[in-house]
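Residue numbers (our numbering): 429 to 489. The beta-carbon is built from N, C-alpha and C at its ideal position, and this holds for glycine as well. Everything numeric in this text was worked out from a predicted model, so none of it was measured.
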């Protein structure tokens, strides 16, 4: 997998995560004015690798 850092049509920084087969499996969802902020967003996603998985289908509404 790899993160791609790029500028969108408005000139804002964005990231996307691609699987080995080239498919986009996640993206930033928002544009960043500063590249550093976009890189920080990537760092936050990388930290989520330790996050637990919670099955929301077992929750009662």
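Along the chain, where does the beta strand (DSSP E) that runs through residue 453 open and close?
Taking the first residue of the chain shown as 1, we reach residue 453 at position 25. From DSSP, the beta strand (DSSP E) with residue 453 extends over 452-455.
Cβ-Cβ distance between residue 446 and residue 434 below 9 angstroms:
Taking the chain shown and counting its residues from 1, one reaches residue 446 at position 18. Taking the chain shown and counting its residues from 1, one reaches residue 434 at position 6. Between residue 446 and residue 434, the CB-CB gap reaches or exceeds 9 angstroms.
What does residue 435 pair with, by DSSP beta-bridge criteria?
Your numbering for residue 435 matches position 7 in the chain shown. DSSP, once it has assigned bridges, lists 441 as partnering residue 435.
In terms of alpha-carbon separation, which member of 432, 439, 479 and 462 lies closest to residue 454?
Here residue 454 corresponds to residue number 26 of the chain shown, with the count starting at 1. That would be 432, whose Cα lies nearest to the Cα of residue 454.
Per DSSP, what are the beta-bridge partners of residue 446 in this structure?
Stepping through the chain shown from its first residue, residue 446 is reached at position 18. According to DSSP, which records beta bridges pairwise, residue 446 is partnered with 430 and 452.
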